[in-house]
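These notes concern the structure reproduced below.
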Amino acid sequence: MSSYLSVPVCTCGHPRPARNGPARAQLPGLHRTLTTQLASRTQAPLQSGGLQCSRQRRTSFHTTCNAVGTVKDQATGVEFPAVTHFWEGEAFRSLGAAARQKKIAFVGVKVYAITLYVEGGRAARELGVRKRGGFFQDAGTEEYADALVDGAFSKLIQVQLVRNVDGDTFFGALQEALEPRLRLSGDMKPLEQMKAFFAGQNFQKGLNILMLVRPEGVLELVTGQAGSSFVEVRPSLRVESATLCRALLEVYLGNAAVIPEARATWAKGAQVLMQNEEERRSNRKGGGG
């Protein structure tokens with residue numbers, strides 16, 4: 001169990017500032033403070049941010065949302081924003097964090113912290129539709145993980161290195177998991193494109209590697225230092241391959257996930273997101289706004 005979620009989450013419907021165009025569509029209003037603990041027995045402290053709600057009302061949980069919190073991986077201490085924006089899509093929400101460890105001389109060495117982001121509003125609505133369709137009856141980790149892989153919304157895997165590593169070593173471990181899946185399709189070119197991107201690079205501790213999977217089957221990669229804004233950036237690599245996109249998601253969310261703890265945490269995060277959507281619908285039907 002490796003992460004907690006300290007989330008006074010604001011999804012109040014404030015549009016994202018325009019970038020040479022109109023503001024993005026608003027998210028459904030969830031005017032509440034939600035403190036959800038994922039995979040930790042220790043209550044996470046609330047952490048303040050700068051996103052204020054203009055509306056206030058009481059809910060069955062607490063009072064109003066007044067900040068955006070963080071998601072912290074307990075093993076490495078790395079924190080990720082609970083809600084943030086990237087260069088594509090609407091507001092993204094983290095489903096939790098975990099650590100990747102490797103055995104070196106029989107000793108577990110932490111390599112990176114990792115989180116999975118999903119487009120909050122779109123993911124919540126789709127998960128809600130699946131629940132109402134009976135998809136999640138007696139559901140466990142596998143059903144929620146499958147829903148994340150199959151969902152028609154963008155997902156972003158963000159990795160923050162906690163030790164220096166060269167690009168060939170980093171991608172080598174990923175390639176081992178991706179290659180069998182790509183061979184089944186008979187098209188290895190997308191994997192070669194990824195390999196060329198990582199080849200010869202020296203990644204320093206603190207570097208972030210972002211892999212955005214778009215629902216139309218496009219993978220975009222961006223790198224940057226911790227604390228950087230990833231809104232006004234251009235992808236360093238763009239690969240059009242639905243097969244590669246699905247293979248990458250299955251590496252982390254499939255039955256043989258390379259970080260089982262992360263898969264379980266993200267499945268739980270998806271369940272919480274779905275429950276939030278169901279409560280929002282219930283409040284709206286009951287005249288709660």
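Residue numbering for the sequence shown is 1 to 289, as defined by the UniProt record's numbering. Every residue, glycine too, gets a C-beta built ideally from N, C-alpha and C. Values in this document were obtained by computation on a predicted structure and should not be read as measured data.
Exercise for review: Sort out for me which residues DSSP pairs M194 with in a bridge.
Suggested key: One-based indexing of the sequence shown puts residue 194 at position 194. Bridge partners of M194: none, in fact.
Exercise for review: Pair every Cβ in the segment 232-241 with every Cβ in the segment 194-206, then say whether three or more of these pairs are closer than 8 Å.
Suggested key: Contact holds: three or more Cβ-Cβ distances are below 8 Å.
Check your understanding: On the three-state DSSP scale, how would you describe L34?
Key -> Taking the first residue of the sequence shown as position 1, residue 34 is located at position 34. Caution is warranted here: a pLDDT of 34 is assigned to L34, below 50, making its placement in the model unreliable, and no coordinate value can be reported.
Check your understanding: Among residues of its own chain, excluding the 5 on either side of Q225, which ones have a beta-carbon nearer than 8 Å to its beta-carbon?
Key -> Sequence index remark: in the sequence shown, residue 225 carries index 225 (1-based). The residues G206, L207, N208, in chain order, have a CB closer than 8 Å to that of Q225 in the same chain once the five nearest residues on each side in sequence are set aside.
**Study point:** Buried versus exposed, by CB contacts within 10 Å (16 or more), D73
**Key:** Translated into positions along the sequence shown, residue 73 becomes position 73. Looking at its Cβ environment, which holds 16 or more other Cβ atoms inside 10 Å, D73 is buried.
Check your understanding: For the 8 Å Cβ check, are there 3 or more pairs between the segment 249-258 and the segment 89-97?
Key -> No: fewer than three Cβ pairs fall under 8 Å.
Check your understanding: Do the CB positions of L156 and T265 come within less than 9 Å of each other?
Key -> The residue you call residue 156 lines up with position 156 of the sequence shown. The residue you call residue 265 lines up with position 265 of the sequence shown. Remark: C-beta atoms of L156 and T265 do not approach each other more closely than 9 Å.
Review point. Shortest alpha-carbon distance to R280 belongs to which of H85, F80, A99, G121?
Key: Here residue 280 refers to the residue found at position 280 of the sequence shown. Residue G121 is the option with its Cα nearest to R280.
Point to revise | Rounded Cβ spacing between G151 and A124 (contact assumed at less than 8 Å) | key: Numbered from its first residue, the sequence shown carries residue 151 at position 151. Numbered from its first residue, the sequence shown carries residue 124 at position 124. Rounded, the Cβ-Cβ distance is 10 Å, inconsistent with contact.
Exercise for review: Could you have a look at Q271 and say whether DSSP puts it in helix, strand or coil?
Suggested key: Counting from 1 along the sequence shown, the entry for residue 271 is found at position 271. It is helical.
Review point. Under the three-state reduction of DSSP, which class applies to G21: helix, strand or coil?
Key: Position 21 of the sequence shown holds residue 21. Reliability of the predicted coordinates at G21 is poor, the pLDDT of 42 falling under 50, and the value obtained from them is presented with this limitation in mind. The answer is coil: DSSP assigns G21 none of H, G, I, E or B.
Exercise for review: Report back the beta-carbon spacing between L244 and L148 to the nearest angstrom; my notes put them in contact at under 8 Å.
Suggested key: Your numbering for residue 244 matches position 244 in the sequence shown. Your numbering for residue 148 matches position 148 in the sequence shown. The Cβ separation is near 17 Å, so there is no contact.
Check your understanding: Out of curiosity, what's the CA-to-CA distance linking S241 and G172?
Key -> If you number the sequence shown from 1, residue 241 lands on position 241. If you number the sequence shown from 1, residue 172 lands on position 172. For S241 and G172, the distance between alpha carbons rounds to 20 Å.
Exercise for review: Going by CA-CA distance only, name the one from R214, L191, G69 that's closest to S154.
Suggested key: Locating residue 154 in the sequence shown gives position 154, where the first residue counts as 1. Per the Cα distances, R214.
Point to revise | Cβ shell of A75 (< 8 Å), same chain only, five flanking positions each side left out | key: Residue numbering aside, residue 75 sits at position 75 when the sequence shown is read from its first letter. The beta carbon of A75 sits closer than 8 Å to the beta carbons of S2, A98, A99, Q101, K110, A113 from its chain, once the five residues preceding and following it are set aside; these are given in chain order.
Point to revise | Whole-number beta carbon distance between E176 and L191, since they are thought to touch under 8 Å | key: Numbered from its first residue, the sequence shown carries residue 191 at position 191. Numbered from its first residue, the sequence shown carries residue 176 at position 176. L191 to E176, Cβ: 11 Å. No contact.
Exercise for review: Return yes when the Cβ of L116 is within less than 9 Å of the Cβ of G269, no when it is not.
Suggested key: Reading the sequence shown from its first residue, position 269 is the one you call residue 269. Reading the sequence shown from its first residue, position 116 is the one you call residue 116. For G269 and L116, yes; Cβs fall inside 9 Å.
Exercise for review: On a CA-only basis, which of L174, V71, G140 is nearest A247? Give me that one, please.
Suggested key: The residue given as residue 247 occupies position 247 in the sequence shown. Distance from the Cα of A247 is smallest, within the candidate group L174, V71, G140, for L174.
Review point. Just to confirm, are F135 and E143 a CB contact at a threshold of 9 Å?
Key: On the sequence shown, position 135 is the one that residue 135 refers to. On the sequence shown, position 143 is the one that residue 143 refers to. Going by C-beta atoms, F135 is nearer than 9 Å to E143.
**Study point:** Proximity below 9 Å, CB of D146 to CB of F203
**Key:** Locating residue 146 in the sequence shown gives position 146, counting from the first residue. Locating residue 203 in the sequence shown gives position 203, counting from the first residue. Against a cut-off of 9 Å, the Cβ pair of F203 and D146 comes out as no contact.
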